[in-house]
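Numbering (full-length UniProt numbering), first residue to last: 1 to 473. For each residue, glycine too, the CB sits at the ideal point set by N, CA and C. Heads up: the structure comes next, in C-alpha cells.
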C-alpha cells in the first residue's frame, strides 16, 4: 500500500501504511511569517542612489588626483549623510531633556455623571494644570548630561564615518594608481618581446637562428599578452569601485601623485588618542554611562514641584455649586518619592553601574585596537620599504645583465636566446613587484593615518563644512 500526504491550509493529513488517517493541526501563517520584497515597498519607489550626488562627471575626462577624489566622496556619500542625520536626532533629544526644566502645562475636558452630592447629574468641566519642577536631586540635569554625551558620541561617529569614507576612497585611488603602472609596464614588456620577436624572425630568415627561437619568443609574447589583459581587468574593476565612492558614472584615469604627508603616515611614535574618533566615541559613551548612573541614583530621591490647577465647570451640577464659583483653583507644593518599586530602582542602578564599567573598559579597548593596528601597519611598512630597495637593485642588475646577454647572443653567438628571454622577464617582473610593493606601502600609510585619526588633516577635511556639519580639528 502506498504512502501519501495531503497538505491543506489548516491541517496536515497523513495516511499511513495501515490506512489510519493522522490529522496534524498546522497553525495558519501570520503576515509576519511571509516575507515578500514587493510587499515591503508596495507601490512606492526607492530613492535614486545618485539623485543627490553633485559630482556628475570627473573634470571632463581629466585625470583625477587623490585629494580631489576624497573631497568628492565625503561631500555626497550616503553613510556620512546617515551619520549626520543621527547627529541631528541626538541634538534634538537634548532639547527634549531640557524641556523638563520648564513648566509642563496640560489642559483637558472632563465629561461625567455623578450622584455623590446634592446637585447630582451631568457635570462637564474644563481643567488646566501646571507642574513646575523645583528640585529633583539631579534627575533632569543627569538626563541632559546623558543627552549631551550622546551628541558627543554621535559627533565622533560622524568623524569616524568621514575618516572611513576618506580611507576607502584613497585606498581605491592607490589601487588604480598601481594597476595603471602595471598596465603601462605590461604594455612595455609586450612591445619589448615583439621587438625581440621581429629580430628573431629576421635572423631565422637569414639562417642565423633556429626555428625553436621563434617559437620560444612567440610563447613569451602570448604570456605577456595574458598578463596585460589581467592587469587591465583589475584596473577596470578598481576604476568602477572608485567611481562608486565618489558618485560618478566612471573614472578614466587618476594621477600618480599622493599627498606629501601621506608618505609619512606611519612615522608616528605614540598616537594622540584625543584625535582618534573611535576613542572619542568610547569616551563619550563613558560620560553617558556616568550620567545614567547619576540619574538612577536620583530616581531614588524625592521630587519637589509646584502644582497649580484651575477647574471651570460648565453647568451648576457640581459639588457645592450654591456656595462655590464655577471656576475653582488650587495651588500646592508636592513632594513625591518612591518608597517601594519591587526592587526595580535598585536593579536599574546596578545595571547602570555595570554599563559604566563596560564603557570605561571600551575606552581602553578602543585605545588598544588603535595602537595595535598602528603597530602592525608600521612593521609591515618597514618591511615593504626594505623590500622595495632590494627590488630596485634587482632591476638594475637585471638591466646590466640584459646588455651583456644581448651582446653575447647577437655578436658572439655564445649565449642562447632562452637566457636573453629569461633575464628580460626577470627585469619586468622586478618592475611589476616594485609597483605592487609601492601600492601596498601607500595602502599601509593610509591605514596608519586612519588608526591615528589623521585622515582629515592630511586630506584637508578639517575646517570645512561637510554635508551640513562643520568639521573642526
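For residue 327, which residues does DSSP report across the bridge? Looking up residue 327 in the chain shown gives position 327. In the DSSP output, where bridge partners are listed per residue, residue 327 has 312.
In three-state DSSP terms, what is residue 368? Residue numbering aside, residue 368 sits at position 368 when the chain shown is read from its first letter. In this structure, residue 368 counts as helix in the three-state DSSP scheme.
Opposite residue 132 in the DSSP bridges: which residues? Within the chain shown, numbered from 1, the residue matching residue 132 stands at position 132. Paired residue(s): 306.
Give, in chain order, every unbroken run of the beta strand (DSSP E) that is at least 3 residues long and sits entirely within the stretch 332-405. 333-336
When you compare the stretch 184-199 with the stretch 208-224, are there three or more beta-carbon pairs, one atom per stretch, that lie closer than 8 Å? yes
Element boundaries [alpha helix (DSSP H), containing residue 415]: Here residue 415 refers to the residue found at position 415 when the chain shown is read from its first residue. Careful: residue 415 lies outside any alpha helix (DSSP H) and carries neither H nor E.
Going by CA-CA distance only, name the one from 87, 206, 170 that's closest to residue 151. Indexing the chain shown from 1 puts residue 151 at position 151. The shortest Cα separation from residue 151 among 87, 206, 170 belongs to 87.
Cβ of residue 317 within 8 Å of Cβ of residue 123? Within the chain shown, the letter at position 317 stands for residue 317. Within the chain shown, the letter at position 123 stands for residue 123. Cβ distance < 8 Å, so residue 317 and residue 123 count as in contact.
Residue 289, enclosing alpha helix (DSSP H) - first and last residue: Counted from its first residue, the chain shown places residue 289 at position 289. 277-298 is the extent of the alpha helix (DSSP H) around residue 289.
Which of the three DSSP states, helix, strand or coil, is assigned to residue 108? For the purposes of this step, residue 108 is taken as residue 108 along the chain shown, with counting starting at 1. Of the three classes helix, strand and coil, the one that applies to residue 108 here is strand, per DSSP.
Within its chain, find whatever has a CB closer than 6 Å to the CB of residue 268; leave out the 5 residues flanking it on each side and keep chain order. To locate residue 268, count along the chain shown from 1; it is residue 268. Closer than 6 Å at Cβ, skipping near neighbours: 452.
For residue 10, I'd like the list of residues in its chain whose CB is within less than 6 Å of its CB, leaving aside the five on either flank, ordered along the chain. Within the chain shown, the letter at position 10 stands for residue 10. The pLDDT assigned to residue 10 is 45, lower than 50, so where the model puts this residue is not dependable; a value taken from the coordinates is nonetheless given after this. None.
Per the contact definition of three or more C-beta pairs closer than 8 Å, is the stretch 150-170 in contact with the stretch 90-107? yes
Rank 227, 279, 103, 247 by C-alpha distance to the C-alpha of residue 364 and give the top, closest one. As a first step, residue 364 is located in the chain shown; it is residue number 364 there, counting from the start. The shortest Cα separation from residue 364 among 227, 279, 103, 247 belongs to 279.
So, does the stretch 238-250 touch the stretch 421-431, judging by three or more C-beta pairs under 8 Å? no
Would you mind sorting residue 200 into buried or exposed? The rule is 16 or more other CB atoms within 10 Å of its CB. In the chain shown, counting from the first residue as 1, residue 200 sits at position 200. Flag for residue 200 reads buried.
Specify the secondary structure class of residue 258 as computed by DSSP and reduced to three states. Against the chain shown, residue 258 aligns to sequence position 258. Residue 258 falls in the coil class under three-state DSSP.
Tell whether a beta-carbon distance below 8 Å holds between residue 69 and residue 169. To locate residue 69, count along the chain shown from 1; it is residue 69. To locate residue 169, count along the chain shown from 1; it is residue 169. Yes; because the gap between Cβ atoms is below 8 Å, this pair is in contact.
If we count Cβ pairs, one from each stretch, closer than 8 Å, do we get three or more for the stretch 435-450 versus the stretch 376-394? yes
Across which residues does DSSP place residue 466 in a beta bridge pair? Here residue 466 refers to the residue found at position 466 of the chain shown. Bridge partners of residue 466: 469.
In terms of residues, what are the limits of the alpha helix (DSSP H) holding residue 242? On the chain shown, residue 242 is found 242 positions in, with the first residue counted as 1. That run of the alpha helix (DSSP H) goes 211-246.
For residue 289 and residue 366, believed in contact at Cβ under 8 Å, the rounded distance: In the chain shown, residue 366 corresponds to position 366, counting from 1. In the chain shown, residue 289 corresponds to position 289, counting from 1. So it is not a contact: roughly 14 Å between Cβ atoms.
Closer than 7 Å by C-beta to residue 110: which residues in its own chain qualify, once you throw out the five before and the five after it? Chain order, please. Your numbering for residue 110 matches position 110 in the chain shown. Only 124, 125, 127 meet the Cβ criterion.
Beta-carbon proximity of residue 139 to residue 295, cut-off 8 Å: Along the chain shown, read from residue 1 onward, the residue named residue 139 stands at position 139. Along the chain shown, read from residue 1 onward, the residue named residue 295 stands at position 295. The answer is yes: Cβ separation under 8 Å.
Mind the definition here: the stretch 335-354 touches the stretch 408-423 only if three or more C-beta pairs lie below 8 Å; say whether that holds. no
In whole angstroms, what separates the C-alpha of residue 257 from that of residue 360? Position 257 of the chain shown, counted from the first residue, corresponds to residue 257. Position 360 of the chain shown, counted from the first residue, corresponds to residue 360. Straight-line Cα distance between these residues: approximately 42 Å.
Is it buried or exposed, residue 7, if we count other Cβ atoms within 10 angstroms and call 16 or more buried? To locate residue 7, count along the chain shown from 1; it is residue 7. Confidence is the limiting factor: at residue 7 the pLDDT is only 40, short of 50, which leaves the residue's position unreliable, though a coordinate-based value still follows. Exposed: under 16 other Cβ atoms inside 10 Å.
Quick one: using the 10 Å Cβ neighbour count with 16 as the cut-off for buried, is residue 276 buried or exposed? Here residue 276 refers to the residue found at position 276 of the chain shown. Residue 276 is buried by the Cβ-count criterion.
Stretch pair the stretch 181-190 + the stretch 222-236: three plus CB contacts closer than 8 Å: yes
Would you tell me roughly how many angstroms separate the C-alpha atoms of residue 144 and residue 346, rounded to the nearest one? By 1-based counting over the chain shown, the position of residue 144 is 144. By 1-based counting over the chain shown, the position of residue 346 is 346. The alpha-carbon atoms of residue 144 and residue 346 are separated by roughly 22 Å.
To the nearest angstrom, how far is the alpha carbon of residue 255 from that of residue 208? As a working note, residue 255 is residue 255 in the chain shown. As a working note, residue 208 is residue 208 in the chain shown. Answer to the nearest angstrom: the Cα atoms are 46 Å apart.
Could you check if residue 434 belongs to the surroundings of the ligand NAD, using beta carbon to heavy atom distance under 7 Å? The ligand content of the structure shown is nil, which means the ligand NAD is not present either.
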